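Residue numbers (the working numbering): 206 to 632. Note sheet for the following structure.
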DNA sequence: CTATAACTCTCAA
DNA sequence: CTAACGTTGAGAGTTATAG
């Protein structure tokens with residue numbers, strides 16, 4: 206039988222910021238989404254003040270000022286570096302690990318005796334605290350869904366101790382009464398649409414979902430929910446996935462810092478976005494066979510004339526060459542663009558993705574050309590890794606970028622730049 | 001009518 | 001002074017379309 210642990214960093218983005226800014230200790234802190242739009246992370250103090258997840262920043266700005274809430278723009282480079290450090294530590298503490306998201310990982314604890322698991326969880330938590338200054342909670346269960354739920358219990362202090370909760374130690378009665386107290390919407394896979402529908406059927410608690418008729422739910426909902434029910438019963442239906450398969454689609458989209466009406470500016474944005482997406486494509490050694498470009502006005506301004514369109518655009522041949530991809534994306538843009546609208550967002554998605562190794566030579570380009578293109582792109586990527594993103598780029602990407610996303614409260618690159626670290630007096 | 005493509009919905013972090 | 005609201009990806013299920 207498999208045993209899973211879910212390790213999740215508390216208030217991840219906010220906690221990363223606090224590690225490097227001791228002055229923020231004890232203060233309410235929120236981290237904002239791209240473009241400083243919404244709250245995407247809150248410190249414990251900010252949660253205590255009632256700041257909701259996902260609330261638009263402008264709506265709470267005044268309240269924040271009155272309460273002394275600190276707001277920071279998201280610093281994804283910092284969070285990615287800290288995440289990698291967490292993964293490094295966890296990799297030493299389990300034979301198999303699935304990195305589920307930037308702040309969460311599943312671990313395989315099947316090889317531990319049942320009496321050792323809780324202590325192992327405590328050790329994991331202690332080590333990450335000591336080595337990184339981040340606090341994690343650990344949930345342990347016989348399926349990924351149960352491990353998730355145990356983690357929730359640890360975090361909410363509904364069960365377990367010191368941030369670690371092992372369902373394997375609980376009697377059937379204790380599990381029953383615990384699951385009865387947890388709303389069905391807290392179950393992994395039950396979101397804001399499913400929860401009300403389940404409640405309408407009388408399924409309000411985790412226990413009721415666990416004990417419901419799985420086949421019946423499959424008919425009314427989906428095979429996914431049926432699996433969830435099995436998982437809640439401790440029948441592992443989802444495996445640990447160590448190897449992450451290549452992405453089947455690669456997307457880069459951003460809201461602009463201000464609205465754009467001008468085609469020239471839109472062209473520049475699309476060129477840059479396509480370049481970023483192409484870097485991701487090459488990072489997994491793939492080629493794209495088609496792209497999708499979308500542009501749209503601001504739906505939050507219903508009085509303004511609205512326009513949004515997504516255009517699917519097959520490529521003449523699968524490629525990862527930024528020059529070709531940008532050229533095609535710009536052609537798609539010309540087709541999509543309508544003047545007279547204030548555009549708020551654009552995005553580029555690559556799909557029909559295949560590994561480089563499967564490259565099909567086309568009638569119109571020789572193998573030599575393709576190898577040249579590949580070498581050139583690799584060189585560009587290497588230069589940009591060494592000298593920073595954008596050191597080398599296409600002419601189409603250059604120009605005034607007054608439209609770039611807002612990031613007005615960005616913290617320093619603590620993990621990349623020695624001089625960014627706070628100085629403490631020696632002695 | 002079937003197989004596939006295209007699109008929609010849901011979820012998650 | 002005003003207006004101001006994220007991104008990326010997967011998978012299942014449904015509908016449209018081609019042959």
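Ideal placement from N, C-alpha and C gives every residue a C-beta, glycine not left out. None of these values were measured; they are calculated from a predicted model.
Exclusion of the five residues before and after residue 243 leaves 237, 259, 260, 261, 262 as the residues of its chain whose Cβ lies within less than 8 angstroms of its Cβ. Unbroken beta strand (DSSP E) runs of no fewer than 3 residues, entirely contained in the segment 263-325, are found at 275-278, 302-306, 309-313, following chain order. At a Cβ-Cβ threshold of 8 angstroms, residue 612 and residue 371 do not count as neighbours. CA-to-CA, the gap between residue 376 and residue 347 works out to about 14 angstroms. Membership of residue 550 in the beta strand (DSSP E) is indicated by the continuous run 548-560.
Rounded to the nearest angstrom, the gap between the Cα atoms of residue 426 and residue 408 is 13 angstroms.
Restricting attention to 528, 540, 531, the CA atom closest to the CA of residue 513 is found in 540. For residue 220, there is no enclosing beta strand (DSSP E); the enclosing alpha helix (DSSP H) has its first and last residue at 217-225.
In the displayed model, residue 347 falls within coil according to three-state DSSP, outside both helix and strand. One thing to note: residue 464 has its Cβ within 8 angstroms of the Cβ of residue 547.
A distance below 8 angstroms between beta-carbons, with the five flanking residues on each side excluded, links residue 296 to the following residues of its chain, in chain order: 302. Here the alpha carbon of residue 213 sits roughly 11 angstroms from the alpha carbon of residue 333. Rounded to the nearest whole angstrom, the CA to CA distance from residue 403 to residue 520 is 44 angstroms. Residue 366 sits in a strand when the DSSP states are folded into three classes. Using a 10 angstroms sphere on the CB of residue 460, the tally of other CB atoms reaches 16 or more, which defines it as buried. Residue 429 and residue 457 have their alpha carbons spaced roughly 28 angstroms apart. Counting along the chain, residue 513 sits inside no alpha helix (DSSP H); it lies in the beta strand (DSSP E) bounded by residues 513-524.
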